[in-house]
Structure formats: C-alpha cells, structure tokens
Amino acid sequence: MSGRAVDLSNNLAFGEVFPHATFDWLREHDPVHWHEPTPKSPDGEGFWVVSRYDDIMEVLRTPDVFPSNTGGERTGDGTTLKDERVAGKVLNYSDDPQHRTLRQLVNKGFTTRALAQLEDDLLIRANALIDAFPEGVAFDFVQAFARELPLQAICIILGVPQEDRTRLCNLIELGLEADSPNMVAIEYIKEIQVYAREIIAEKRSHPADDILTTIVHAELADEGDRRLTDEELVNFFILLFPAGAETTRKAFGAGLRSLIEHPDQFSKLREDRTLMRSAIEEIKRWTTPSIYKRRIVTRDIDFRGRSLKEGDKLIVWEMSANRDERVFEDPFTFDVACWPNCHIGFGFGPHICLDAALARLELKVGLAALFKRIATFETDGSLQWVPNNRLRGLKRLPLRIIFKGLMDE
Ligand code: HEM
C-alpha cells in the first residue's frame, strides 16, 4: 500500500483517527485487497478488504455467497474479524430461513406504536439531562448525555428496570473496550449473561408491555410454534442491548462534535430546523459508527478480478463506502442539507439495521432539545476515542456550554 499501510486487524488502530488516506488509496488502486496476517490478526489469518461502495453493496445483498452464519471450517464465526461462537444462534449471525423467522419475531416488538409512545418520554429525559449540565465549565458530554439517552431508550423498549441500567451499560462498555480476545472481556460477557437469564425468567413469569416480553412469549410459526430457548433469548438480549445503546451514543458524540467542527453547518441547521432530517442522515454518513462487517466466502469465486477462496474471511468497510467519490459528489464535505443521502451507515441487505427508526428518533429528540436550550457549544479539552475499530465513537467529549436566556427560547 506504498507507505499508507495500516494494520486493519489491530483493534486499537483507530483509537484516534480513521485511516481515510489508506482507504482512499485502496478504493482507487486495490478495491478488493488481500490484507496479510499480522501479529494482531485473530488466529494469524489474512483477510480481504473491500472498500468501494458498489462492491460492498454486492457483498451485503448476496448472503448465499457471503453469509453471516458460518465461519467456514473455523470453530468460531461472526461479523467481526475475530471469531465468536454464536453462528445460527442470534439474529445478526444467521441467514435465511432462520434469519427471516427471527427478524419477523423481533419486529413484532419494534413497532411504530412502540416508538410513538417513546418520543414524549425521551424528550422529558433529554431535558432532565440538560438541566444537570454545568454552565460555563467543562464537562463530559458523552457521560452526561450521549451515553445516557440511548441507554434509557433501549432499556425502556426492552423493559430493563431503571435501577439496573447503569450497571448493565458499564459492563457492555468494558466488554467492548477490552482488546480482543481476552479473559477480561469474557468475564464481562458472563456477567451480562447472568443478568439476561434473570430478566428473561422475570418476563416469563411476569409478562409486561415491552419487547423482551414479546420475544420471550412469541411462537415461531415456521418451527412448529416453538418458543425461543433460554440460550437464544440470552443471545438476543446481548445483541439488542449494545446494538441499541452503543451505536446511537456514538452517533450522538461524534455527531455533535462534527457540528461544532463545522460552525457554518451548525448555524445553518439551527436556523432551519427543517434540515434536521437530512442532518441526521449526514451525521450517520460522516461518523459511520459501525464501520466494518465481516462475511465468509462460501465458494471459490472471481470477485472484481481477485480469486476468492472458499473459507476466506472478507471484510466490507462501510466507512469507506460512505466516502466513496464514485457515489458521493463531495464525500469529504460535511453538508447538513445533503439530500437524498444514500449512505450505508445502517448497513444494507437482509441484515440492514433493525431499528434505524429508533436511532433517528433519539437523535431528532436529543439534538432538538439541545438546540432549544443551549446557546453555545464549545469543546474544552482533549477528545478521547473508544479503542475499538468495529464500533467507533467518542469515549469523552469535553464541552463547555452557555444556556439560552429566557428571552432566547
Ligand atoms: C446510530 C445508530 C445505529 C447504527 C449506526 C446501526 C448500524 C447497524 C448496522 C450497520 C447493521 C448491519 C449489521 C450487519 O450487516 O451485519 C445493524 C444491524 C442491527 N441493528 Fe443497528 N444501528 C444503530 C442503531 C440501532 C438501534 C437503536 C437498534 C435497536 C435495537 C439496533 C439494532 C440492530 C439489530 C438487532 C441489528 C441486526 C439486524 C439483523 O441482523 O437482521 N440498531 N445496525
């Protein structure tokens, strides 16, 4: 990669800055690139790096060739570079017909009605969080807001009691930050599993009006009306919690930072709130919190002139797709008015994000509340990024704000 090489299998590689220059070069010169194994590569294996938008779409919409539910000959599998052992046991590590069955089941809970009920509650919570912001002195926006609002939203939807929410979020955060794979991360996951079993038992004996109850009691029509096993339910819980709480939090932190970094765009949005819809999509494109997915090649094929072999690992980089100059006119310009915006920040194909609508709602409610109450936002101190190159976002965003006066609101 002529001096631009970055070890993409090093989980800490993107701690500070996403290596856009590397991907610009790859898109131009080597769009389906073989990444040799490095000391950081899980199991010492190399992998394919797919960087162009159209090729990534092709991979994501062709699960019979590039599935999510197998590791090939490996004992593990998954959509991250390192193997997990959950193939076929959880939604995002399954393919049709099982994937369709599971997705239909969980969709029963994620309804438009459930979202509409959430909006007022989220606004009240957003305002309460803003009330607690100190004025004129630095505080961490991620802890004070970006982490809290999505956490509350997914917990309300799942039916996690208020008193358990912070502990659970801490565990998931620690698991994600641990360098892969190590005993520390495994211990956190075990603790989350214990909690998941307890709450599933509770929903079974005391049904409530929440998604977890719906999933616990749902019958799989395609599979003789059986219910999900405890193991399947635990896996669902473990998927939904970080999928809901971690991704949106990352979009909030990095999104607000992008607005502060582009004051002209920030003013434009504040002056014309009809731009909120396009701004949220641009934040998704620009920040792309979920930056890559792994698939496995199931048969020897020629793909864009490269010979892929059965069992090869293949990684598609949505962050790179979202900066592809073949698709976006000016991909390195942050434009809150950009519309339509065909980014793939929520993925594409059968595994496209299950609840992009919830993520959009949280961002809409949260940003609107912030803009309504706060006159100025400034960063004050050093940013800190989460050391994880699969889910990328800010760990710390030090901010100084001035509230609006009564006459300004
Ligand atoms: C900014 C916020 C979010 C981003 C950037 C995001 C991104 C993504 C992406 C890229 C995928 C595709 C995974 C793949 O191809 O393997 C995905 C899937 C998924 N997302 Fe999200 N997501 C967000 C918010 C949410 C929320 C709020 C939920 C609520 C529970 C959620 C639940 C899921 C689930 C369950 C899947 C797996 C779907 C399947 O395999 O069929 N996501 N998300």
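Take the sequence shown: its letter number 297 is residue 297 in this note's numbering, and every next letter is one higher.
Ideal placement from N, C-alpha and C gives every residue a C-beta, glycine not left out.
Helix, strand or coil for S420, going by three-state DSSP, please let me know.
No statement about residue 420 is possible, as the shown extent of the chain runs from 1 to 409 and does not include it.
Determine the burial state of F332: buried for a count of at least 16 other Cβ atoms within 10 Å of its Cβ, exposed for fewer.
What you label residue 332 is simply residue 332 of the sequence shown in a count that begins at 1. Residue environment: F332 is assigned as exposed (fewer than 16 neighbouring CB atoms within 10 Å of its CB, all protein chains considered).
Is any non-hydrogen atom of the ligand HEM found closer than 8 Å to the C-beta of A106, if you look at the structure I gave you?
Numbered from 1 along the sequence shown, position 106 holds the residue referred to as residue 106. This sequence places Val at residue 106; Ala is not what is there. Distances between the C-beta of V106 and the heavy atoms of the ligand HEM include at least one below 8 Å.
F237 to D120, Cα distance in whole Å?
Within the sequence shown, the letter at position 237 stands for residue 237. Within the sequence shown, the letter at position 120 stands for residue 120. Spanning the alpha carbons of F237 and D120 requires a straight line of approximately 25 Å.
Between T62, L397, Q104 and P37, which has its C-alpha nearest A254's C-alpha?
What you label residue 254 is simply residue 254 of the sequence shown in a count that begins at 1. When only C-alpha atoms are compared, the closest one is L397.
CA nearest to the CA of F346, picked from V365, A321 and W339:
On the sequence shown, residue 346 is found 346 positions in, with the first residue counted as 1. The option with the nearest alpha carbon to F346 is A321.
Does F334 come out as helix, strand or coil in the three-state DSSP assignment?
Within the sequence shown, residue 334 is the residue found at index 334, counting from 1. F334: coil per DSSP, three-state reduction.
Which first and last residues belong to the alpha helix (DSSP H) in which T53 is found?
For the purposes of this step, residue 53 is taken as the residue at position 53 of the sequence shown. The sequence shown places Tyr at residue 53, not Thr. For Y53, the uninterrupted alpha helix (DSSP H) run begins and ends at Y53 to L60, by DSSP.
Can you confirm whether the stretch 95-102 touches the stretch 121-134 when touching is taken to mean that 3 or more C-beta pairs between the two stretches lie within less than 8 Å?
Flag = no, the stretch 121-134 and the stretch 95-102 do not touch.
Counting C-beta neighbours from all protein chains within 10 Å, is the total for K309 16 or more, i.e. buried, or is it exposed?
For the purposes of this step, residue 309 is taken as the residue at position 309 of the sequence shown. With fewer than 16 other Cβ atoms within 10 Å, it is exposed.
Kindly examine the ligand HEM and report whether one of its heavy atoms sits closer than 8 Å to the Cβ of A243.
Here residue 243 refers to the residue found at position 243 of the sequence shown. Yes, since a heavy atom of the ligand HEM falls inside the 8 Å radius drawn around the Cβ of A243.
Is the beta carbon of A138 within less than 8 Å of some heavy atom of the ligand HEM?
Here residue 138 corresponds to residue number 138 of the sequence shown, with the count starting at 1. Checking the Cβ of A138 against the ligand HEM gives no.
Near E16, what residues of its chain come up, given a Cβ to Cβ distance below 7 Å and the 5 sequence neighbours on each side ignored?
Working through the sequence shown from its first residue, we reach residue 16 at position 16. Excluding the 5 residues flanking it on each side, E16 has same chain C-beta neighbours closer than 7 Å at W385, in chain order.
Return the chain-ordered list of same chain residues with a C-beta closer than 7 Å to the C-beta of G109, the five sequence neighbours on each side being excluded.
Taking the sequence shown and counting its residues from 1, one reaches residue 109 at position 109. Excluding the 5 residues flanking it on each side, G109 has same chain C-beta neighbours closer than 7 Å at I211, T214 and I215, in chain order.
Per-residue burial, S41 [other beta carbons within 10 Å of its own, 16 or more giving buried]
The residue given as residue 41 occupies position 41 in the sequence shown. Looking at its Cβ environment, which holds 16 or more other Cβ atoms inside 10 Å, S41 is buried.
R304, buried or exposed, once every other Cβ within 10 Å from all chains shown has been counted against 16:
By 1-based counting over the sequence shown, the position of residue 304 is 304. Counting the other CB atoms within 10 Å of its CB gives R304 a total below 16, which places it among the exposed residues.
Within 9 Å, strictly: CB atoms of E362 and T248
As a working mapping, residue 362 is identified with position 362 in the sequence shown. As a working mapping, residue 248 is identified with position 248 in the sequence shown. A distance below 9 Å separates the beta carbons of E362 and T248.
Coarse secondary structure for K108, derived from DSSP in three states
Numbered from 1 along the sequence shown, position 108 holds the residue referred to as residue 108. In this structure, K108 counts as coil in the three-state DSSP scheme.
Can you name the start and end residues of the alpha helix (DSSP H) that A375 belongs to?
Within the sequence shown, the letter at position 375 stands for residue 375. First-last for A375: I374 to T379, but that is the beta strand (DSSP E), not the alpha helix (DSSP H).
Closest by CA to Y188, which one among V365, D83, R113 and L174?
Against the sequence shown, residue 188 aligns to sequence position 188. When only C-alpha atoms are compared, the closest one is L174.
When you compare only the Cα positions, how much space is there between R167 and E232?
On the sequence shown, position 167 is the one that residue 167 refers to. On the sequence shown, position 232 is the one that residue 232 refers to. A direct Cα-Cα distance of roughly 23 Å separates R167 from E232.
Using the C-alpha atoms, what's the distance from F133 back to P63?
By 1-based counting over the sequence shown, the position of residue 63 is 63. By 1-based counting over the sequence shown, the position of residue 133 is 133. Rounded to whole angstroms, P63 to F133 spans 46 Å at the Cα level.
How long is the line joining the alpha carbons of P181 and K82, rounded to whole angstroms?
Here the question's residue 181 lines up with position 181 in the sequence shown. Here the question's residue 82 lines up with position 82 in the sequence shown. Note that P181 scores 49 on pLDDT, short of 50, meaning its location in the model is unreliable; the coordinates nonetheless yield the value given after this. Each residue's alpha carbon lies about 8 Å from the other.
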